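Number of protein chains: 2
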Amino acid sequence: MQKNIEQTVLYPIMHPRHIAVFGASNRYAAMGTNLLSSIQALGFNGTLYPVHPKEKTVLGLKAWPAVADLPEIPDLALIVLPTGLVPEILAACGKKGIRQAIIVSGGFKEVGGEGIALEQQICDIANTYGIRFVGPNCIGVVNPPHQYNATYFPYQQGPGFIGMASQSGSFITHMFDYLARSGLGYSAGISVGNEADIDLVDCLEYLGACPHTKVICLYIETIRRGRAFIDMARSIVPHKPIVAYYVGGSEGGKKATLSHTGALSGPDRLYDGVFRQSGVIRAGSIEEMFDFSLCLGLCPLPAGNRALVQTHSGGPGAVAADMCSREGLALNPISPETREKLKAYVPHTGSTGNPVDITYSKNSMDYYMSIPEILIEDTASDAMLAYFLMPGHAIRRVMEGMGITGETAAAQAETFIDEQTRQIADRIKKFAKPYIGFSYYTRNNRFVRNLQDSGVAVLPSPGRAARALAAMVRYTRYRKKIQCAAR
Amino acid sequence: MQKNIEQTVLYPIMHPRHIAVFGASNRYAAMGTNLLSSIQALGFNGTLYPVHPKEKTVLGLKAWPAVADLPEIPDLALIVLPTGLVPEILAACGKKGIRQAIIVSGGFKEVGGEGIALEQQICDIANTYGIRFVGPNCIGVVNPPHQYNATYFPYQQGPGFIGMASQSGSFITHMFDYLARSGLGYSAGISVGNEADIDLVDCLEYLGACPHTKVICLYIETIRRGRAFIDMARSIVPHKPIVAYYVGGSEGGKKATLSHTGALSGPDRLYDGVFRQSGVIRAGSIEEMFDFSLCLGLCPLPAGNRALVQTHSGGPGAVAADMCSREGLALNPISPETREKLKAYVPHTGSTGNPVDITYSKNSMDYYMSIPEILIEDTASDAMLAYFLMPGHAIRRVMEGMGITGETAAAQAETFIDEQTRQIADRIKKFAKPYIGFSYYTRNNRFVRNLQDSGVAVLPSPGRAARALAAMVRYTRYRKKIQCAAR
Chain A
-9 MQKNIEQTVL YPIMHPRHIA VFGASNRYAA MGTNLLSSIQ ALGFNGTLYP VHPKEKTVLG
51 LKAWPAVADL PEIPDLALIV LPTGLVPEIL AACGKKGIRQ AIIVSGGFKE VGGEGIALEQ
111 QICDIANTYG IRFVGPNCIG VVNPPHQYNA TYFPYQQGPG FIGMASQSGS FITHMFDYLA
171 RSGLGYSAGI SVGNEADIDL VDCLEYLGAC PHTKVICLYI ETIRRGRAFI DMARSIVPHK
231 PIVAYYVGGS EGGKKATLSH TGALSGPDRL YDGVFRQSGV IRAGSIEEMF DFSLCLGLCP
291 LPAGNRALVQ THSGGPGAVA ADMCSREGLA LNPISPETRE KLKAYVPHTG STGNPVDITY
351 SKNSMDYYMS IPEILIEDTA SDAMLAYFLM PGHAIRRVME GMGITGETAA AQAETFIDEQ
411 TRQIADRIKK FAKPYIGFSY YTRNNRFVRN LQDSGVAVLP SPGRAARALA AMVRYTRYRK
471 KIQCAAR
Chain B
-9 MQKNIEQTVL YPIMHPRHIA VFGASNRYAA MGTNLLSSIQ ALGFNGTLYP VHPKEKTVLG
51 LKAWPAVADL PEIPDLALIV LPTGLVPEIL AACGKKGIRQ AIIVSGGFKE VGGEGIALEQ
111 QICDIANTYG IRFVGPNCIG VVNPPHQYNA TYFPYQQGPG FIGMASQSGS FITHMFDYLA
171 RSGLGYSAGI SVGNEADIDL VDCLEYLGAC PHTKVICLYI ETIRRGRAFI DMARSIVPHK
231 PIVAYYVGGS EGGKKATLSH TGALSGPDRL YDGVFRQSGV IRAGSIEEMF DFSLCLGLCP
291 LPAGNRALVQ THSGGPGAVA ADMCSREGLA LNPISPETRE KLKAYVPHTG STGNPVDITY
351 SKNSMDYYMS IPEILIEDTA SDAMLAYFLM PGHAIRRVME GMGITGETAA AQAETFIDEQ
411 TRQIADRIKK FAKPYIGFSY YTRNNRFVRN LQDSGVAVLP SPGRAARALA AMVRYTRYRK
471 KIQCAAR
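Here is the structure:
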């Protein structure tokens, strides 16, 4: 039974209207100041109450000497104070009537010894006052659709469709720039820290219900409530994919995660079992997790595991085919009907096997328009991978040949690419099967950037595209299995 | 017995002084025109003779109706003509006295049928006249130190240290931009095509002797002369690493390579054996091949397989440790002496295990200067992986706090980063062990760009850094084994 998002424990933490901020000052290098600055920078719509014993104003806002003095009861306390001060402040918040908190401060369970007792202390205080909280030892939360970014890093792109919960704050914030470089962004990001109260399962519940989240990402060092995790995931997977990157399956990972968040990780096989049972797709790295999410968020699901590779360059096509095979994708030859339709487009140097290698097109647009349109209808495949390349220099050279040079040529080449990519994206987005581009070029290349910004999946290499497609196939299977079991 | 580079068969092809160009015209979209344009663009120092039956000039150069009419004997013929014209032109070149050629044209053995006979025909003609040639079905060669780029793509970065031979032309040219994005470039690039004459073994010989090449890269779909390959590689590996990406080990890869270059590939295990015997490091993708090359070209070799991870963020540190374990790298704790020296730099939230997790430094430069200097001396490790992050926004926020805003702040932040990175790079480059940075940021980030441009190895993720270090360990072992066997 899925909750409405407003009924989830995280809803008020992700949609606060009045925030009491502890630890922000006019010392610009301080963590708390940076968090407040990030909140302001994204244009937060509610009221901010910096609480500071000495300052009269903080970052241009009126500061309050104590939480008790605030003119109303904030719906969230954001605490970025030295470890030892946290219990006292949390209690003061409770007395004021605050019922939600984010505790960024570290120095608790993750350091062992006294830290363990301190963490128990804040849990007891929270219990006393009925406070639900994220952290401690976290880096905050970000909710771009709500123009709300309570993390150390500025969030500069628009809202995206990835909802992420992470046992490492870095994998929320350090990824802002990383995601922007593929045209992606967060619908929600939650750094759970030590999970003394709110944990991954609560995040799953929130992200499952979040209307902006198309794909859920998890960075996991440990799962503290195994049964609840599996049940929650299984309730979500039929309508939303979950991708997880689990670190801790190796000896080195296990030791590192213990000192990071005090997590007790388990062997790979155990986690593989949990993920399979949950219908969660396991990724082998952070990059892979976002590759999978990109494709799952942008493309229709494949009906099966049969891939068709389109290329005009033998090498990248061969690599894509090799990677597809290694990922368990089938590469069937195209049907005789498709071969017949292709005839007009493939020169004698080309090949109509699988990969379909065009080698050379008289009209470069054929490669991106007529040819995909023919291939996507082929009944021998469930998805396509296509090598994308549109080097600007070739267009500029043709223009030079027409006597157009300098800035005029550059501007005309851009207009030309913009018009082409608009047409191509319109076409591809109508396809009922996944059509995944791969290119060694990035958004620095206008062709790639335009396509990504239009919602076409373009991955940075054939191997990454093949693995993402294989992950989509896995998701389709998991989903079907869970749906059948529920009937 | 290693040849002098000038004695290698490829030397005159890579260092031509007078080139006859067939297939360039004033049609700007034509392949041949683009090759000639690329040669001109890199500022080639020799004479170019476009040969064209009708044009009087081509790209501003005097054109010649036939090769027989040229005023001197070129030392290279560059042939970019329709398949059927190649035999006749090659014979004319032979008659003129030309003894080297690059045949870009496709439509030979790789298409089967008549193509096979045509390829035999050009081999016979070459034999008759003593012509040595690269191709057919290739994309040309590039020799940046010689300001010579006979490929379809403009080469825009400076010369680098990677010497590559490839059975796919795309993996030479489409990688210009890719390599530039890590601050890398080619010392030499050779697209071997169908290898009707000059093959990978000849390329190895040339690249082994090339003084600008620090690391050799190979893209392989098949090895045609196994014994010669092994012998040649073994003669090079003691003084220069060779990294190969082999595609064709899977069913899909095998079929694709057959239609690409007519290559008969073999199973993975066979090729693994050949590579091990040759001392060649096998990479799992094109990206990996260049990651390995970057580290091998920039860092000293590790004495063993013991890695030490430095981080200030738990997540990326844990991932690095996990990946090191999976790659067979050992993660020993640091020595008590090192721990003692570190004390002043690690706050109570930090950890001095392995990873060493600083969590927070009062002075951000400590993380990049004093701490690495202490850790690199630790006797329990042979190499270091360090998480690199220097977000510009933090520096700008501090400046805003000091009342410095707008363009002045931006300029001062840049000066600050430039000065920091100069100092950091100077320090790191003196280390006697590999010190490999990893960051989810790219060259778009000034900190990363400056370090890369100063010759510091910065890879795009912890996993890629761990795999590159593991490859360096493999190379060190291979090299030692071959050196011992030779004694």
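Residue numbers (our numbering), protein chains in the order written: chain A, -9 to 477; chain B, -9 to 477. Note that the Cβ used here is the ideal one computed from N, Cα and C, for glycine as well. Quantities reported herein were computed from a predicted structural model and do not represent experimental measurements.
CB of residue i within 8 Å of CB of residue j, strictly
i: Leu375 (chain A); j: Ile407 (chain A); result: no
i: Ile418 (chain A); j: Val446 (chain A); result: yes
i: Ile414 (chain A); j: Tyr358 (chain A); result: yes
i: Thr349 (chain A); j: Gly96 (chain B); result: yes
i: Ala91 (chain A); j: Ile69 (chain A); result: yes
i: Ala155 (chain B); j: Leu108 (chain B); result: no
i: Ala82 (chain B); j: Glu317 (chain B); result: no
i: Phe428 (chain B); j: Ile276 (chain B); result: no
i: Arg214 (chain B); j: Ser268 (chain B); result: no
i: Ile88 (chain A); j: Ala116 (chain A); result: no
Continuous alpha helix (DSSP H) stretch holding residue i: start and end
i: Asn117 (chain B); result: Glu104 to Tyr119
i: Gly84 (chain A); result: Val76 to Lys86
i: His383 (chain A); result: Gly382 to Gly391
i: Asn(-6) (chain B); result: Run containing Asn(-6) (chain B): none; DSSP gives neither H nor E here.
i: Gln90 (chain A); result: Premise fails: Gln90 (chain A) lies in the beta strand (DSSP E), Gln90 to Ile93, not in any alpha helix (DSSP H).
i: Ala458 (chain B); result: Pro452 to Ala476
Own chain partners of residue i with C-beta closer than 7 Å, once the 5 adjacent residues on each side are dropped
i: Tyr119 (chain A); result: Gly84
i: Pro144 (chain A); result: Ser28 and Ala31
i: Tyr261 (chain B); result: Tyr236 and Gly239
i: Gly36 (chain B); result: Pro6, Arg7, His8 and Ile9
i: Gly304 (chain A); result: Asp347
Other residues of its chain near residue i: CB distance less than 6 Å, five sequence neighbours each side excluded
i: Ser481 (chain B); result: Chain B is shown from -9 up to 477; residue 481 (chain B) falls before or after that span and cannot be answered.
i: Gly159 (chain A); result: Cys128, Ile129 and Ser181
i: Asn24 (chain B); result: Tyr142
i: Ser560 (chain B); result: There is simply no residue 560 (chain B) to check, as chain B begins at -9 and stops at 477 in what is shown.
i: Phe166 (chain A); result: Phe143 and Tyr145
Spatial neighbours of residue i in its chain, beta-carbon cut-off 8 Å, leaving aside the 5 residues before and after
i: Tyr284 (chain A); result: Reading the sequence as shown, one finds Leu at residue 284 (chain A) and not Tyr. Ser172, Leu174, Ala447, Leu449 and Ala458.
i: His302 (chain A); result: Asp347, Ile348, Thr349, Tyr350, Ser351, Tyr357, Tyr377 and Leu379
i: Ala311 (chain A); result: Val299, Leu321, Asn344 and Pro345
i: Met21 (chain A); result: Gly13, Val70, Val94 and Tyr142
Interface flag, residue i vs chain D, CB-CB below 8 Å
i: Gly242 (chain B); result: This model lacks chain D altogether, as its protein chains are A and B.
Run of the beta strand (DSSP E) containing residue i, from where it starts to where it stops
i: Ala178 (chain A); result: Tyr176 to Ser181
i: Arg272 (chain B); result: Ile271 to Ala273
i: Asn35 (chain B); result: From DSSP, Asn35 (chain B) is part of no beta strand (DSSP E); its letter is neither H nor E.
i: Met165 (chain A); result: Unbroken run through Met165 (chain A) is the alpha helix (DSSP H), Met165 to Ala170; no beta strand (DSSP E).
i: Gly484 (chain A); result: A question about residue 484 (chain A) goes unanswered here, because the residues of chain A that appear run from -9 up to 477.
i: Leu480 (chain A); result: For chain A, the structure presents residues -9 to 477; residue 480 (chain A) sits outside this window and is missing.
i: Cys193 (chain B); result: No beta strand (DSSP E) holds Cys193 (chain B); the alpha helix (DSSP H) holding it covers Leu190 to Ala199.
i: Cys128 (chain B); result: Neither: Cys128 (chain B) is in no beta strand (DSSP E) and is coded neither H nor E.
i: Val11 (chain A); result: His8 to Phe12
i: Asn139 (chain A); result: Tyr138 to Ala140
i: Phe98 (chain B); result: From DSSP, Phe98 (chain B) is part of no beta strand (DSSP E); its letter is neither H nor E.
i: Gly427 (chain A); result: Tyr425 to Phe428
Any chance the region 98 to 118 of chain A sits against the region 133 to 152 of chain A, with 3 or more Cβ pairs inside 8 Å? no
If we count Cβ pairs, one from each stretch, closer than 8 Å, do we get three or more for the region 119 to 127 of chain B versus the region 200 to 219 of chain B? no
Name the residues in the region 434 to 452 of chain B whose C-beta lies less than 9 Å from a C-beta of chain A; which are they? Asn434, Asn435, Pro450, Ser451 and Pro452
Per the contact definition of three or more C-beta pairs closer than 8 Å, is the region 173 to 188 of chain A in contact with the region 291 to 311 of chain A? no
Mind listing which residues of the region 207 to 226 of chain A have their C-beta closer than 7 Å to chain B's C-betas, in chain order? Tyr209 and Glu211
Please list the residues of the region 101 to 126 of chain A that have a C-beta atom closer than 9 Å to any C-beta atom in chain B, keeping them in chain order. Val101 and Gly105
Segment contact flag, the region -2 to 16 of chain B with the region 190 to 203 of chain B, C-beta cutoff 8 Å, min 3 pairs: yes
Contact list for the region 325 to 349 of chain A against chain B, Cβ threshold 8 Å: His338, Thr339, Ser341, Gly343, Asn344, Pro345, Asp347 and Thr349
Three or more C-beta pairs closer than 8 Å, one from the region 10 to 23 of chain B and one from the region 55 to 72 of chain B: is that the case here? yes
Check whether the region 325 to 343 of chain B touches the region 393 to 403 of chain B, taking contact to mean three or more Cβ pairs, one atom from each stretch, closer than 8 Å. no
Going along the region 371 to 400 of chain A in order, which residues come within less than 9 Å of chain B, judged by CB to CB distance? Tyr377, Leu379, Pro381, His383, Ala384, Arg387, Val388, Met389, Glu390, Gly391 and Met392
Could you name the residues of the region 146 to 177 of chain A whose beta carbon sits closer than 8 Å to any beta carbon of chain B, in the order they occur along the chain? Ser156, Gln157, Ser158, Gly159, Ser160, Phe161, His164, Met165, Asp167, Tyr168 and Arg171
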